[in-house]
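Residue numbers (this note's numbering), protein chains in the order written: chain A, 1 to 411; chain B, 1001 to 1358. Yeah, the Cβ is synthetic: ideal placement off N, Cα and C, and Gly gets one too. Comments concern the structure below.
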Amino acid sequence: MDTQAFIQERFSEFYKGNASGIETPKSIENREFGFTLFKEKMMVRHKGFINAEELRDFIKKNAPSNAYYSAAYYSVPEAKMDEKGWLGSDLFFDIDADHIPAKCNKIHDSWMCRKCGLRGRGSAPGKCPSCGNESFDERTWPCEICLEAARVETMNLLDILTSDLGFSFSDIRCSFSGHRGYHVQVESEEILKLDSIARKEIVDYVTGTGIDVLFHGLESIRRDGGKLIAGPGLHERGWRGRAARGTYEFLLAATPEDLMRLGLKKSIVDEIIANKDLMLESWVFGGPWNIVRGLGLKGWSKIVQRGVSLQSAKIDTVVTVDIHRLIRLPNTLHGKTGLLKVSFPPNEIEQFDPLKRSVAFRNGDVKIYVEEAPKFRLGDDSFGPFKKQTVTLPLSAALFLLCKDAARVVD
Amino acid sequence: MAKTLTLEDMAKYPFMPEAAEEVRKLGFRIDGLFEADYAPILERAERRVIEALTTSPPEVRYDPSLYKEDVEMLSFPVAVALVTSLANEYVKRRYALAEARRAYELLKRESEEKIVEIARKFGWRIRFSGEKAGLIKFDFALNFIDYLRNAASFHDKDWKLINKFVINGEVHLSKQEVARLLQEEIRRYIEGKIDPKIRSALPEKIFERADKIKQAYSSSFKELPTEDFSPSEATEEAFPPCIMELYRAAQSGRHVPHVGRFALTSFLINIGMSPDSIVGLFRRSSDFNERMTRYQIEHIAGERGSGTKYTPPKCDTLQTHGLCPGMDDICRGIKHPLTYYRRKMRAMKAKRVKESKG
């Protein structure tokens, strides 16, 4: 049986039974919707629906491979882009493992040259080492390590949104995208009208872009005829405290190589390593700023800057600034995994298990031939690794590999 | 807060809604303006416009010994009418800026209470702070959305939200900073009042008086400058590092992300490269599609869609999207890649002239 047709049939069955669970955004009549369908390659955009029922019927009837809605509100969502009449947009953040440097992609991600078929591990190279071609099919996997990294970034983001920017958890919706990341959406009257420039400032705030640590407590002060360095404290609020906590976190794990990479002199690096324990303990009484001789404002700026990046939230910057963005509809299936995009309250992020909650298909087994797949977990069960073998798997696991184009159905 | 502004306040800040209300109460009508009694008002209104045009940086004066409070207050709407009748974008911006700068100078010297009172009239969610961070004590706490609405267009890094002390949705600020933000709010507010739609309602004599100003100060009237480069001048050597990087990537067919393509294309169009040459540049890209590429480029050039010709993003936007590879010496003095290009071109030309001379 044709694999594409098989996937489409399962999606269709799923929506016949579960369309009523599709979460609809508020003011549905002002949102634009977009879909990718199994039969066509192009995205169907500029769709509008007057109520939840109409939208669910459409999805039930068409069983799209992906379903999206606009973060923006329009007077006429069906109109052409410049005639829609933009009314406002939710504040939206996308945290995707693709934007977080993790070591595990070398293990589970792979690429294939579109021209000569050469395969490799990790992210695709610029040029195929064999034929010099520059286009590849890439396959990335939602693995536990990547998803954990994305969770940490999401938690950093939630902390900034609530403690600094003052949003309450009731304004914030979190979801697992159904693939490799999390979505965080602020739905508040306040932010609707913010333009791209203001949103860019928010992006810079959460990512730590353009920060000058000298505005956050790091300074040189004169005392008793000499110069002393002062810095922010661990329990301060805003970026001051975050810069201090990041600095602590960095020093705690810093190797001589990490410090050299910041451009510090060898002698200073040696001093830092020799005095590390003292520096870490010193935070209770004023901080480590004057322990290492010769480490001045410039050197500390580099270290604190590094600390800032540990505390920042690595989001996809383009998504938040784009006030016309289409985003995946919650409780619909992700075409690359057959998993659901699932929402959850932000205070549950620590316990949330994305690979359990997003499982959509619970019954039946399917026999498939797997070309290659790393070990993966869905729900409470682990599967694989597989290489060129025929296996019978529960529907959710089989569909996951089929959607990933790592397997085909065996009759 | 049910306080009302005094007559002195309204003379200092004649753009406040209370002042407009007061003007109405006095039964002041613009058609009556040319009666002899009103001569001082008309004269002061003209001075306001002239001061805006002839001072640098532009600033309308405030001198209570020279003008009575009611003249100061009533002359503002008349000055707005004069500027409106001139229908010149440059004059409009300069006048709004000059009035706003005057307000800034006055606000800096006001009490905290007065500043809060005025800010709240503009809908600001502001309160006294008293919050301390290290050795600094802040005077005010302003809702961060109200902050962004006014500060997002400022370029200095100390105005970036990330470099401010922000807690619970509020930005903690000094009195001077709040006054500066109010200047921006006032500037936009006054620009909004200079509405070309009300031109038809203005009496003929306003146009006559405005014309006289225009003739007397013609050298101060400018059209807004436009960025123009002649195509023959487009030279790679003057590209800023960010554009150079994108340009090289496109030339060698490496992947250029969407924002990068936009930055590169709009830059090249603005320095005068033809859409055809730009299509050629992207030809080596692995996902090249001539029809799509041409469409996008022509769109950016303003030859399609809304007809707007796009300019490349500013430096800090490129930084946000990770497209700034690090600054060189020229970068440090500019905020926009096109300014970089223009400066470097000028420097290169000067060098060439010098060399040719000997």
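Counting contacts by CB-CB distance shorter than 9 angstroms, is residue i in contact with chain B?
i: residue 97 (chain A); result: no
i: residue 395 (chain A); result: no
i: residue 375 (chain A); result: no
i: residue 229 (chain A); result: no
i: residue 140 (chain A); result: no
i: residue 23 (chain A); result: no
i: residue 198 (chain A); result: yes
i: residue 94 (chain A); result: no
i: residue 203 (chain A); result: yes
i: residue 194 (chain A); result: yes
i: residue 82 (chain A); result: yes
i: residue 303 (chain A); result: no
i: residue 187 (chain A); result: no
i: residue 76 (chain A); result: no
i: residue 318 (chain A); result: yes
i: residue 126 (chain A); result: yes
i: residue 100 (chain A); result: no
i: residue 190 (chain A); result: yes
Assuming residue i and residue j form a contact by the criterion Cβ under 8 angstroms, report the distance between their Cβ atoms to the nearest whole angstrom.
i: residue 208 (chain A); j: residue 1190 (chain B); result: 36 angstroms between Cβ atoms; not a contact.
i: residue 66 (chain A); j: residue 328 (chain A); result: 7 angstroms
i: residue 99 (chain A); j: residue 336 (chain A); result: Going by Cβ atoms, the distance from residue 99 (chain A) to residue 336 (chain A) rounds to 17 angstroms, so no, they are not a contact pair.
i: residue 1318 (chain B); j: residue 1249 (chain B); result: In fact, because the Cβ distance is near 14 angstroms, the residues do not count as touching under 8 angstroms.
i: residue 1252 (chain B); j: residue 1310 (chain B); result: With 8 angstroms as the limit, residue 1252 (chain B) and residue 1310 (chain B) do not qualify as a contact, their Cβ atoms being about 25 angstroms apart.
i: residue 92 (chain A); j: residue 114 (chain A); result: Residue 92 (chain A) to residue 114 (chain A), Cβ: 32 angstroms. No contact.
i: residue 204 (chain A); j: residue 1160 (chain B); result: 6 angstroms
i: residue 1207 (chain B); j: residue 1085 (chain B); result: 5 angstroms
i: residue 1312 (chain B); j: residue 1298 (chain B); result: Contact doesn't hold; Cβ gap of about 16 angstroms is too wide.
Spell out whether any CB of chain A is found under 9 angstroms from the CB atom of residue i.
i: residue 986 (chain B); result: This structure leaves residue 986 (chain B) out entirely; chain B is present only between 1001 and 1358.
i: residue 1226 (chain B); result: For residue 1226 (chain B), the pLDDT reaches just 43, beneath the cut-off of 50, and the residue's location in the model is therefore unreliable, although a value from the coordinates is still provided. Closer than 9 angstroms: no.
i: residue 1251 (chain B); result: no
i: residue 1176 (chain B); result: no
i: residue 1322 (chain B); result: yes
i: residue 1151 (chain B); result: yes
i: residue 1311 (chain B); result: no
i: residue 979 (chain B); result: No information on residue 979 (chain B) is available, as it lies outside the stretch 1001 to 1358 that chain B covers here.
i: residue 963 (chain B); result: The displayed coordinates of chain B run from 1001 to 1358. Any statement about residue 963 (chain B) would go beyond what the structure contains.
i: residue 1351 (chain B); result: no
i: residue 1195 (chain B); result: no
i: residue 942 (chain B); result: Given that chain B is displayed from residue 1001 to residue 1358, the structure contains no residue 942 (chain B) and the question cannot be resolved.
Within 8 angstroms: the Cβ of residue i and any heavy atom of the ligand NAP?
i: residue 333 (chain A); result: The ligand NAP is not among the ligands present in this structure, which contains no ligands whatsoever.
For residue i, is the classification buried or exposed, using 16 other Cβ atoms within 10 angstroms of its Cβ as the cut-off for buried?
i: residue 1227 (chain B); result: Caution is warranted here: a pLDDT of 42 is assigned to residue 1227 (chain B), below 50, making its placement in the model unreliable, and no coordinate value can be reported.
i: residue 75 (chain A); result: exposed
i: residue 367 (chain A); result: exposed
i: residue 1258 (chain B); result: exposed
i: residue 1336 (chain B); result: buried
i: residue 101 (chain A); result: exposed
i: residue 1178 (chain B); result: buried
i: residue 1165 (chain B); result: buried
i: residue 1010 (chain B); result: buried
i: residue 42 (chain A); result: exposed
i: residue 1212 (chain B); result: exposed
i: residue 171 (chain A); result: buried
i: residue 154 (chain A); result: buried
i: residue 255 (chain A); result: exposed
### Message
What are the residues in the stretch 232-263 of chain A lying within 8 angstroms of chain B by C-beta distance?
### Response
232, 236, 237, 238, 239 and 240
### Query
Listed in chain order, which residues of the stretch 320-348 of chain A have Cβ atoms closer than 8 angstroms to some Cβ of chain B?
321
### Task
Determine contact between the stretch 1097-1104 of chain B and the stretch 1182-1196 of chain B, defined as no fewer than three beta-carbon pairs at a distance below 8 angstroms.
yes
### Message
Closer than 9 angstroms between beta carbons: that is the criterion. Which residues of the stretch 1160-1171 of chain B meet it against chain A?
### Response
1160, 1161, 1162, 1163, 1164, 1165, 1166, 1167, 1168, 1169 and 1170
### Touching by the beta-carbon criterion (3+ pairs, under 8 angstroms), the stretch 387-399 of chain A and the stretch 349-369 of chain A
yes
### Under 7 angstroms (Cβ pairs) to chain B, residues found in the stretch 26-41 of chain A
none
### Segment contact, 8 angstroms Cβ cut-off, at least three pairs: the stretch 1141-1156 of chain B with the stretch 171-182 of chain A
no
### Query
Any contact of the stretch 1234-1246 of chain B with the stretch 1266-1281 of chain B, i.e. 3+ C-beta pairs under 8 angstroms?
yes
### Query
Given a limit of 7 angstroms on CB to CB distance, which residues of the stretch 1127-1148 of chain B reach chain A?
1133, 1134, 1144, 1145 and 1148
#### Entry: Members of the stretch 152-183 of chain A that neighbour chain B once the beta carbon cut-off is set at 8 angstroms
163, 164, 165, 166 and 167
### Message
By the 9 angstroms beta-carbon criterion, what residues does the stretch 1240-1271 of chain B contribute toward chain A?
### Response
1252, 1253, 1254, 1255, 1257, 1258 and 1259
### Message
When you compare the stretch 189-207 of chain A with the stretch 345-355 of chain A, are there three or more beta-carbon pairs, one atom per stretch, that lie closer than 8 angstroms?
### Response
no
#### Entry: Residues within the stretch 205-226 of chain A neighbouring chain B, beta-carbon criterion of under 7 angstroms
205, 208, 209, 210, 211, 212, 215 and 217
### Message
Check whether the stretch 292-309 of chain A and the stretch 267-275 of chain A are in contact - that is, three or more C-beta pairs closer than 8 angstroms.
### Response
yes
#### Entry: Contact list for the stretch 1326-1347 of chain B against chain A, Cβ threshold 7 angstroms
none
### Task
Taking 8 angstroms as the threshold, find out whether the stretch 1116-1124 of chain B comes into contact with the stretch 1190-1203 of chain B through three or more Cβ pairs.
no
### Query
Between the stretch 256-263 of chain A and the stretch 234-241 of chain A, are three or more C-beta pairs nearer than 8 angstroms?
no
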